[in-house]
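**Q** This is the structure I have questions about; it appears just below.
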Ligand SMILES: Cc1cc2nc3c(=O)[nH]c(=O)nc-3n(C[C@H](O)[C@H](O)[C@H](O)COP(=O)(O)O)c2cc1C
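Numbering (my numbering), first residue to last: 2 to 364.
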């Protein structure tokens with residue numbers, strides 16, 4: 002097994018820590034993963050909610066917050082740091098422009114099709130761009146659009162399967178169908194990557210996400226044709242994760258039966274840990290609210306029984322009564338709070354991690 006080579010940007014370990022909004026993967030978690038030789042990713046949706054100016058100007062808080070979090074991560078590591086910017090964000094353009102200006106190593110975009118992402122790369126920009134796709138159809142569409150319109154080939158593909166945590170790129174009724182599982186989609190997109198290599202001479206690594214807990218899961222993805230994995234839930238229960246301890250404990254205490262599929266106000270299904278907040282939503286007890294942020298293009302704010310940005314930021318800050326936690330299908334296997342180093346050892350026991358990237362703070 003070797004590290005990832007993303008258009009010349011090389012990681013020691015073939016691992017991306019999935020970007021987790023709102024406020025779950027910020028500078029602490031992402032830099033800790035980067036320090037161990039993986040790729041650390043800042044979740045940018047709602048990032049402004051962790052800064053004071055949010056109530057005055059949400060967009061300015063997001064832009065300034067993003068700059069601060071990137072700078073803080075850079076202080077802590079010389080490893081690879083990316084940002085996850087959901088294509089459905091209302092301030093998508095501003096966030097992408099800011100990330101490129103800050104010379105972020107890579108931008109990862111899912112939750113919608115990031116069809117115009119290459120248009121933000123000015124000549125000479127070093128930022129790599131990676132779409133998250135749910136299957137071959139989306140991967141082919143993005144490849145064709147990027148190539149025909151911008152002459153740009155994706156620097157990697159992340160295929161996120163239906164076992165993932167957070168919002169899911171499938172219709173609720175087809176989440177469990179065989180055709181969407183990584184066992185089907187990874188080999189198909191592998192073929193597309195091989196074809197791109199043959200036709201255009203560009204190596205496009207394929208990264209599989211959703212349901213990765215340990216080395217056996219990683220091996221299974223490699224056998225299917227992946228070059229690397231992206232994992233999210235396993236990194237929540239770490240000392241370095243940016244979320245409040247109550248959020249982390251929600252993940253640690255979740256049983257298999259607690260993990261449910263919900264209808265998110267943003268118009269996609271999501272996977273979460275059930276709690277009283279979500280039960281009240283289900284019972285119709287929660288009523289539509291005034292939207293303060295208009296943060297997601299597809300949010301049905303007129304009828305939404307709650308503000309998802311507010312609920313997720315409440316949870317990240319430890320107020321689980323007024324929010325809830327997203328989690329992956331295998332998240333029930335996470336049973337203790339440990340360190341990023343230990344999680345990476347479980348995923349990649351053969352690597353001696355953390356050799357190169359000790360940050361200025363000496364991790
Ligand atoms: C709490 C949480 C928040 C997430 N937030 C985002 C996000 O903002 N954008 C995104 O593209 N994916 C998001 N994801 C998905 C992760 O980046 C990752 O792909 C996924 O968690 C992989 O599945 P796993 O949890 O089974 O490892 C989130 C997942 C979780 C658990």
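Each residue gets a CB set at the ideal place from its N, CA and C atoms; glycine is no exception. No experiment lies behind these values; they were computed from the predicted model shown.
#1: Determine the contact status of residue 52 and residue 24, defining contact as a CB-CB distance below 8 Å.
#2: With distances taken between CB atoms, is the gap from residue 22 to residue 47 smaller than 8 Å?
#3: Assign residue 277 to one of two classes, buried (16 or more other C-beta atoms within 10 Å of its C-beta) or exposed (fewer than that).
#4: Does DSSP put residue 160 in a helix, a strand or coil?
#5: Is the segment 30 to 39 in contact with the segment 76 to 84, if contact means three or more CB pairs nearer than 8 Å?
#6: Tell me whether residue 317 sits in a helix, a strand or coil according to DSSP, three-state version.
#7: Considering only DSSP beta bridges, list what residue 327 is partnered with.
#8: Please give me, in chain order, every unbroken run of the beta strand (DSSP E) with length at least 3 that falls completely inside the segment 149 to 216.
#9: Can you confirm whether the segment 226 to 235 touches the segment 324 to 334 when touching is taken to mean that 3 or more C-beta pairs between the two stretches lie within less than 8 Å?
#10: If you reduce the DSSP assignment to three classes, tell me which class residue 15 lands in.
#11: Where does residue 32 land, buried or exposed, given buried means 16+ other C-beta within 10 angstroms?
#12: When burial is assigned at 16 or more other CB atoms within 10 Å of the CB, is residue 285 buried or exposed?
#13: Within its chain, find whatever has a CB closer than 7 Å to the CB of residue 133; leave out the 5 residues flanking it on each side and keep chain order.
#14: Of the residues 211, 293, 13 and 73, which one's Cα is nearest the Cα of residue 182?
#15: Between which residues of its own chain and residue 121 is the CB-CB distance below 7 Å, once the five residues before and five after are set aside?
#16: Taking 8 Å as the cut-off, decide whether the C-beta atoms of residue 163 and residue 176 are in contact.
#17: Kindly indicate the opening and closing residues of the alpha helix (DSSP H) around residue 73.
#18: Does ligand 1 have even one heavy atom less than 7 Å from the beta-carbon of residue 235?
#19: Would you identify the three-state DSSP class for residue 283, choosing helix, strand or coil?
#20: Check the C-beta distance from residue 324 over to residue 315 and give it rounded, since I have them as a contact under 8 Å.
**A** A quick look at the data gives this:
#1: The residue given as residue 52 occupies position 51 in the chain shown. The residue given as residue 24 occupies position 23 in the chain shown. No; because the gap between Cβ atoms is not below 8 Å, this pair is not in contact.
#2: As a working note, residue 22 is residue 21 in the chain shown. As a working note, residue 47 is residue 46 in the chain shown. Closer than 8 Å, so yes.
#3: Residue 277 sits at position 276 when you count from the first residue of the chain shown. When all chains shown are included, residue 277 counts as exposed.
#4: As a working mapping, residue 160 is identified with position 159 in the chain shown. Secondary structure at residue 160: strand, using DSSP grouped into helix, strand and coil.
#5: Counting Cβ pairs under 8 Å, three or more are found: they touch.
#6: As a first step, residue 317 must be located in the chain shown, where it is residue number 316. Here residue 317 sits in helix by DSSP.
#7: As a first step, residue 327 must be located in the chain shown, where it is residue number 326. In the DSSP output, where bridge partners are listed per residue, residue 327 has 273.
#8: Whole beta strand (DSSP E) segments, 3+ residues: 158 to 161 and 207 to 210.
#9: Segments in contact, yes.
#10: Indexing the chain shown from 1 puts residue 15 at position 14. In the three-state scheme derived from DSSP, where H, G and I count as helix and E and B as strand, residue 15 is classed as coil.
#11: Here residue 32 refers to the residue found at position 31 of the chain shown. Counting the other Cβ atoms within 10 Å of the Cβ of residue 32 gives 16 or more, which makes it buried.
#12: Numbered from its first residue, the chain shown carries residue 285 at position 284. By the 10 Å Cβ count, residue 285 comes out exposed.
#13: Here residue 133 is taken as the residue at index 132 of the chain shown, counted from 1. Excluding its 5 nearest sequence neighbours in each direction, residue 133 has C-beta neighbours in its own chain below 7 Å: 109, 110, 111, 159 and 161, listed in chain order.
#14: Counting from 1 along the chain shown, the entry for residue 182 is found at position 181. When each option's Cα is compared against that of residue 182, the closest is 211.
#15: Here the question's residue 121 lines up with position 120 in the chain shown. Hits under 7 Å: 97, 98 and 101.
#16: In the chain shown, residue 163 corresponds to position 162, counting from 1. In the chain shown, residue 176 corresponds to position 175, counting from 1. Closer than 8 Å, so yes.
#17: For the purposes of this step, residue 73 is taken as the residue at position 72 of the chain shown. Annotation for residue 73: the continuous alpha helix (DSSP H) segment containing it runs 59 to 77.
#18: Position 234 of the chain shown holds residue 235. Yes.
#19: Within the chain shown, residue 283 is the residue found at index 282, counting from 1. Of the three classes helix, strand and coil, the one that applies to residue 283 here is helix, per DSSP.
#20: For the purposes of this step, residue 324 is taken as the residue at position 323 of the chain shown. For the purposes of this step, residue 315 is taken as the residue at position 314 of the chain shown. Right, the Cβ-Cβ distance comes to about 4 Å (below 8 Å), so this counts as a contact.
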